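Residue numbers (the numbering used here): 2 to 197.
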């Protein structure tokens, strides 16, 4: 289906929605792009933007490493075989959040509808807006320089195993001076968002 869509228009992003039985929080599995050095902002920008909008989404629990066992996962196939760099799996715990204002609160259908509906669409619109994207890239660069050891690359594997370093989710200080190089992640031509 995605190949057919690519014949007529560019597919900017693919998002696969899943439930997770072991790992708490709502988070993203992404891909570490081959052409980029590790800990780059490219693949982390959209999840970072989503974390700024949603109080149930955890950027710290996101992971951008592709384990050998996961090379047949949809997000990896969309990236490697179809050339869609922004291919993600959003995982939602069957349990609750482990940090933040929602700590130990069980997710309800309303929480999932809010994140999977309104907040996800809001983040997509921001991602396709060059001005919003530029600001987010700069904020993410600051975040990553301040949190180099936990910049959206959880050491928990995709089965929820491993240890996460303790610490609360920190919001970016909006008054921090924005610095760093500008990176263009989307072209000037109009992008079309199609949810399939």
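Glycine is no exception: its CB is placed at the ideal position from the N, C-alpha and C atoms. None of these values were measured; they are calculated from a predicted model.
For residue 52, the enclosing alpha helix (DSSP H) stretches over residues 46–54. Here residue 78 is not bridged, per DSSP, to any residue. Counting only the Cα atoms, residue 131 lies some 29 Å from residue 93. With distances taken between CA atoms, residue 7 lies nearest to 83 out of 83, 30, 147.
For residue 85, no alpha helix (DSSP H) encloses it, and the DSSP letter there is neither H nor E. Residue 60 sits in coil when the DSSP states are folded into three classes, being neither helix nor strand. The criterion of a C-beta distance shorter than 9 Å is not satisfied by residue 64 and residue 87. Only buried fits residue 12, as 16 or more other CB atoms lie within 10 angstroms of its CB.
Excluding residues up to 5 positions away in sequence, 54 lie with their Cβ nearer than 8 Å to the Cβ of residue 123 in the same chain. Straight-line measurement puts the Cα of residue 48 at about 14 Å from the Cα of residue 66. DSSP places residue 15 inside the beta strand (DSSP E), whose first and last residues are 14–21.
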